[in-house]
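Enquirer: Line by line, the protein sequences are chains U and X.
Just so you know, we're using our numbering here: the first sequence kicks off at 1191 and counts up by one.
Just so you know, we're using our numbering here: the second sequence kicks off at 1191 and counts up by one.
For glycine and all other residues, C-beta sits at the position ideal for the given N, C-alpha and C.
Fair warning: this is a prediction, and the values are worked out from it, not measured in the lab.
The structure under discussion is supplied below as C-alpha cells; questions concerning it will follow.
Number of protein chains: 2
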Amino acid sequence: MTEKFESDLLRGSLDLMVLSVLADESQYGYSIQKRLNVASLGKVKLPAGTLYPLLHRLESDKLIKSKWDDSTGRKRKWYELTAKGKKRLSAQASQWQQYAACMTSLIGNFVSKPEPSG
Amino acid sequence: MTEKFESDLLRGSLDLMVLSVLADESQYGYSIQKRLNVASLGKVKLPAGTLYPLLHRLESDKLIKSKWDDSTGRKRKWYELTAKGKKRLSAQASQWQQYAACMTSLIGNFVSKPEPSG
DNA sequence: CTCTATATATAGCCGAGCGATATATTGAAT
DNA sequence: ATTCAATATATCGCTCGGCTATATATAGAG
Chain U
1191 MTEKFESDLL RGSLDLMVLS VLADESQYGY SIQKRLNVAS LGKVKLPAGT
1241 LYPLLHRLES DKLIKSKWDD STGRKRKWYE LTAKGKKRLS AQASQWQQYA
1291 ACMTSLIGNF VSKPEPSG
Chain X
1191 MTEKFESDLL RGSLDLMVLS VLADESQYGY SIQKRLNVAS LGKVKLPAGT
1241 LYPLLHRLES DKLIKSKWDD STGRKRKWYE LTAKGKKRLS AQASQWQQYA
1291 ACMTSLIGNF VSKPEPSG
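Here you go:
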C-alpha cells in the first residue's frame, strides 16, 4: 500500500530532491538513486530514464558539475554542486516550503478530517 | 518578490487543488481561479488555458460533473464533486501529505539552515 | 557460465501546463 | 453611444519533463 508517489507529484521537485542529496556530499547517479529511495522509505524509485537525463540537464544548466572516476574498478560519474547550484538549491528549498505551507492550508481549508474512531 | 510558484511545482498538485476547493461547495471555473488565487495569497494564478482543459479532464474522468446555469444573467458552468471525486480527493490529499513529509525530511537532511544573524 | 546488481546513456512516446487567440456579456466610465 | 476592464469559457499548438524500452559494460556470486 501507498506504493510509490505518482510521477506528476514528483514532477516539480525532482530537481530539488537531487540537488538536496548532492548538498550533503558528492554522489554519482546510481548512488543518488539509492539514497533517494532509502530517504523516502521506498516511495521514490527514480527510473534510469528519468535520472540520467535529469542529471544531464542540471549539468548543462551549470547547477552541478561532473568528473569521471574509474580508479575504483567501477566506472562512475561523480557529481557535485556548483556555486550556482547551491544558490538554486537554497532558493528552491525555500520556495518549496512556501508551496507546502500553501497546499497544507488549502487542503486544511477544504478537506474535513475523519473523526477519530470511537 | 516570491512572485508565483513555478509551473512545474504545481504540475502534480493542480488536480488536488481544484478538487479541494470543490469539496467546500460547488464552483464554476472562474470562481475556482479566484479562490485559488486568494487562498494562496496570490501565488497561484491559473491561466485559463490551464484551468479549463483541467476541468474538462477531471470531468471526463468522472471526478466532477457540470451543469450550465444562465439564470443569473451570467452564463456559468457549475462543477461539483462526484462520489468518485470525493474518494480521489481524500486519497490525493493523504498522498500529498506523505509526499510533503518526505520532502521536508529530505530537505531537512541535506540542507543546512543559515544561522540566525548575530 | 549464468544471473543479478551495478553503472550510465539515449530514442521516442505521452501528457500536462501555458501562451495565444477567440468569443460573448456585464457594467462602469467617458 | 462608445470604450474599456472584468467576467466567463473554450481550444490550438508548443514545449518540456518523466517514463518505457533498449543498449552497453563490468563485478561478483553461484
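1) Could you spell out the range, first to last residue, of the alpha helix (DSSP H) harbouring residue 1224 of chain X?
2) Could you round the C-beta distance between residue 1269 of chain U and residue 1223 of chain U to whole angstroms and report it? I think they count as a contact, below 8 Å.
3) List, in chain order, every chain U residue whose beta-carbon is nearer than 7 Å to that of residue 1201 of chain X.
4) Taking C-beta pairs closer than 8 Å, name the residues in chain X that residue 1297 of chain U reaches, listed in chain order.
5) Would you kindly check if the distance between the Cβ of residue 1276 of chain U and the Cβ of residue 1235 of chain U is under 8 Å?
6) Is residue 1256 of chain X close to chain U? Criterion is C-beta to C-beta, closer than 8 Å.
7) Below 7 Å between beta carbons is the criterion; list the residues of the region 1220 to 1238 of chain U that meet it against any residue of chain X, in chain order.
8) Which one or two residues does DSSP pair with residue 1259 of chain U in a beta bridge?
9) By the DSSP assignment, the alpha helix (DSSP H) with residue 1205 of chain U in it spans what residues?
10) At the 8 Å Cβ level, is residue 1273 of chain U part of the contact set with chain X, yes or no?
Expert: Let me lay it out:
1) 1219 to 1229
2) Not really, about 12 Å apart at Cβ, beyond 8 Å.
3) 1198, 1201 and 1202
4) 1206, 1210, 1283, 1286 and 1287
5) no
6) no
7) 1229, 1230 and 1233
8) U/1266
9) 1204 to 1214
10) no
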